[in-house]
Every structure is written in structure tokens, then in C-alpha cells.
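Visitor: Residue numbers (the numbering used here), protein chains in the order written: chain A, 30 to 224; chain B, 30 to 224. Below is the structure I would like to discuss, written out as C-alpha cells.
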DNA sequence: TTGTGTATATTCACTAGTCAGTATACATAA
DNA sequence: TTATGTATACTGACTAGTGAATATACACAA
């Protein structure tokens, strides 16, 4: 039985992360991942029992880094809750300019696996998105927003909306529009006259 | 040269539509499409020059039906612009209950082809999403909403957001939340005190 | 009416390559 | 000796796309 913290395992996950995010899980073979990691397929299969397992491990490895990145953008920005939320979108737009940017790995994997709702990787994705929503609700709650959970969910919908539509239009105007919509929704929960 | 309106061609596109939507473009072979259509692969390649072409034809065939469906929901519902927009989400939630529902074929295809931004199928998807956004802006404009184009874009973001996140969580509460957020955004453009 | 030509539409058999996963063997270290 | 890890080489199934032949239908001419 392989070690959970093995450096070899980490090398494999890192290689899988680069390739799966760049090309999509269906377009990357296990052979390609092994070669990218600089070892043989047999070694990969010593550490992972199947490609499906490897895909789940890839997403699992992105959970905390993605969360910390978003929280960092939120915390680093000035202003009230509406400005902090808008800052997430502004930074997303900056990231989307990078030529290697290909949207959200969690959403793209879920789209590829839409016919297999119980796939382990989708469970990992569901957990990640819930983690983010929960963190955002907490961060909004601290700033005295009304119904922070409902608001967090609405913002999540806008974020995932622009992740997806950016892959179709490749036009950052959509991220800006999403940021403005999110700020409007935040303000609707600060000025309590709007339900 | 094959005919553009050939009934055989239509049979192939119909078969491709069933399989590509159900399984995803990457998980369906050209052989499988040919078999589903009840003809040989060589015949399929007589009518389409490549699998990529066939994928684009699949999406192209979904453009008008999808548009008409959404417009039908909007037109059939009672009430002001906010209620009509909410009706789109309510009907989406109903559709999502069907066991064969697998989200939006355009978005899922774009996610699978994220590494090929110039792919013909992505262009078809981009056109379709623009068509919808333009139609919605017009429908909102007629009802005296302020900045109908900006509002239409925000609603599109929420629709595509719940299409995507539904594939991760499979929880219709997200569609309901998106519908409420959309109604809030519509009202913000009716009561002109909110910019 | 029969024959010939031609464009469209279709089939069977095939290529060259890739896929996920495995059998076998051999290291190294506790 | 046992556990952990790696390498070579392989399997059977599947992949997109193609070559060569043929079926079908409709033209026009004898």
C-alpha cells in the first residue's frame, strides 16, 4: 500500500494538475500524466487505483489553494462588503487574461462527467464549492450583511456563471458585468428596504 | 457533394444530439453516432468532413429550439418583467428534474473544448448565447426596464451559473436562488433609485 | 424501350494509432 | 524476509478517419 504523503504521489498529482487543467480530463491519457511526472505508468498505478481516482486527487489538491486565493483577494481589498465582493471579480478578470487560464477546473470536470453524477471527482467538486460558499457567507456575515447565506449563494452563481460563459465568449466584459451585478445584490442586502 | 437538407444528414444530427447531450462529445465515438443513426461510419463521413464538424452541427441544431423554449416560458407567464424572468428559472427547475437533464449542451461542449478556443462548435455556442442575450434585452426593453442590455447580461450570467453549478451539486435550490437574484436585479432597474 | 453516362449516396474492410489497465520482474530499505 | 517502489513490455478494446467498390436514381440518346 502506498503512502498518502509520498513525494512520488505528489509529483504525480502535480503533473496531473498541469495536464488536466490545460487539456481537460478526457483529453489527457494516464500515459501522458506518467510521462509528465517523469515515471512509468506502472508506478502511477501503484499510487492510484484508477484514472478516476487520480482525477479526484487532482481536484482535491486544488481545494485549499483556490479557497485561499479568493479569500486573499477579498481580504486585501479596501471598502465595504460590496467593494470586497467586486474585488473578487476584478482579480478574476486579471487572472483570465493569462493565456493558460481555462476557467474553473471543478466546473469543467463536472461538465465532462455530467453523465456520471456519482463520480468521486464530482463529490470533491461539490465539497469545494460548498466550502467556498460557506466561507463567503461567514465573511459577509461578519460585515453585518442581511441573510449572508442567501447572498453568498447568489454571488457563487454569478462567479460560476462568468467562469462558464467566459469559455464561450472569451470576453472579460462578462466578468465586469458579473461584478457589478454582485455589488448590486450586496447593496440590496445592506439597504434593508429591498427583499 | 452532399445535400444540406438531406434526410440522412438530419438522421445523423438527431442521433448525434441524443448521444452528445447524454454523454458528452468526448465520450461518444463517431462509430457510436453512426450506429445510433442506423448507417455506417463511411456514410457519416460522406455528410460531415470531421467529428468537429458534426459537433458544430449538433449545437447549431439546438440554437432555435432552445431559444423558442426560453421565449415561450417568458411569454406564457403572468406579471411584470421580474415575474417573467423568474418564470424562466422556475421552468428550468422543472426541466432539471427530468432524469435525462444534463445541463446546457452549449456550456458543456465549451467546457470540454476549453483548450481549443477557436473550435467551430464554440463559435456556434457563442452565437447562440448572444442570440439569447439579444432576445432577452429586447423583451425587457419592451417592458420599460432601464438599461435592458446590461440587465439581460446579468440574467444570462445567473442562468449559466445555475446550469453549471447544478452539474456539481444536483440541488434545484440553486435554481430557485438564481431566480430570486434575477428578480432582485430586474427590480433594481425598475425602481430607478438603484444604479 | 433500351442503353449509356453521371452524380449522389452508401457499404465493407481497413489503417495507424491510442486507451486504461496489468503481468512479470527487479530493485532498495527496514 | 517483507514492504515499498520502479521498470519493461504487453493486452484487448477502442479511436478518428480512409480506400475501393457499389447501389440508386435520373438524365439523355438510339
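Glycine included, each C-beta is placed from N, C-alpha and C at the ideal position. Keep in mind the model is a prediction, meaning the values are calculated, not measured.
1. Considering residue 38(A), what are the terminal residues of the alpha helix (DSSP H) in which it resides?
2. Whole angstroms are fine: how far does the CA of residue 149(A) sit from the CA of residue 46(B)?
3. Please confirm whether residue 248(B) and residue 187(B) have their CB atoms less than 8 Å apart.
4. Return the residue from the list 54(B), 144(B), 35(B) that minimises the CA-CA distance to residue 133(B).
5. Could you tell me the distance, in whole angstroms, from the CA atom of residue 34(B) to the CA atom of residue 140(B)?
6. Could you list which residues in chain B have their beta carbon closer than 8 Å to that of residue 207(A), in chain order?
7. What whole-angstrom Cβ distance do residue 153(A) and residue 44(A) have, given they're in contact under 8 Å?
8. Is the Cβ of residue 26(A) closer than 8 Å to any Cβ of chain B?
9. Checking contacts by CB at 8 Å: is residue 143(A) closer than that to chain B?
10. Could you check which residue in 60(B), 81(B), 110(B), 116(B) has the C-alpha nearest to that of residue 98(B)?
11. Near residue 75(B), which residues of its chain fall below 8 Å by C-beta distance, leaving aside the five closest residues on each side in sequence?
12. Just how far apart, CA to CA, sit residue 180(B) and residue 184(A)?
13. Is any beta-carbon of chain B found at less than 8 Å from that of residue 140(A)?
14. For residue 151(B), which of 65(B), 82(B), 103(B) has the nearest alpha-carbon?
15. By alpha-carbon positions, which one of 164(B), 189(B), 126(B) ends up nearest to residue 200(B)?
16. Pick from 176(B), 49(B), 214(B): whose alpha carbon is nearest that of residue 90(B)?
17. For residue 155(A) and chain B, any beta-carbon pair shorter than 8 Å?
18. Quick one: is residue 198(B) near chain A, going by C-beta distance under 8 Å?
19. On the criterion of 16 or more Cβ atoms from any shown chain inside 10 Å, does residue 190(A) qualify as buried, or is it exposed?
20. Find the nearest neighbour of residue 146(A) within the set 96(B), 131(B), 176(B), 138(B), judged by alpha-carbon distance.
21. Using CA atoms only, rank isn't needed, just tell me which of 174(B), 197(B), 92(B) is closest to residue 214(B).
22. Reducing DSSP to helix, strand and coil, say where residue 127(A) ends up.
23. According to the neighbour-count rule (16 or more other Cβ atoms, all chains shown, within 10 Å of its Cβ), is residue 111(A) buried or exposed?
24. Taking only beta-carbon atoms, is residue 223(A) less than 8 Å away from chain B?
25. Distance, Cα to Cα, residue 120(A) vs residue 161(B)?
26. For a cutoff of 8 Å on Cβ pairs, would you count residue 89(A) as touching chain B?
27. For residue 214(A), name the three-state secondary structure that DSSP assigns.
28. Mind reading off the beta-carbon distance from residue 123(A) to residue 51(A)? Whole number of angstroms is fine, and I expect it under 8 Å.
29. Which chain B residues sit within Cβ distance under 9 Å of residue 214(A)?
30. Can you find a C-beta in chain B that's less than 8 Å from the C-beta of residue 96(A)?
31. Could you check if residue 138(A) is buried or exposed, using at least 16 other CB atoms within 10 Å of its CB as the buried criterion?
32. From this set, 172(B), 170(B), 37(B), which residue's C-alpha is nearest residue 66(B)'s C-alpha?
33. Could you compute how far the alpha carbon of residue 204(B) sits from the alpha carbon of residue 195(B)?
34. What does residue 135(B) reach in chain A if we use C-beta pairs closer than 8 Å?
Guide: Taking the geometry as given:
1. 36–52
2. 27 Å
3. The first residue shown for chain B is 30 and the last is 224, placing residue 248(B) beyond what the model contains.
4. 54(B)
5. 30 Å
6. 183, 186
7. The Cβ separation is near 18 Å, so there is no contact.
8. The structure shown does not extend to residue 26(A), since chain A spans only 30 to 224, so no value can be given for it.
9. yes
10. 116(B)
11. 31
12. 16 Å
13. yes
14. 82(B)
15. 126(B)
16. 49(B)
17. yes
18. yes
19. buried
20. 131(B)
21. 174(B)
22. coil
23. buried
24. Since pLDDT at residue 223(A) reaches only 43, below the 50 mark, its modelled position is unreliable, and the value read off the structure follows with that caveat. Yes, residue 223(A) lies at the interface with chain B (some Cβ there is under 8 Å from its Cβ).
25. 28 Å
26. no
27. helix
28. Contact flag wrong, Cβ pair sits at about 20 Å.
29. 210, 213, 214, 217
30. no
31. buried
32. 37(B)
33. 8 Å
34. 197
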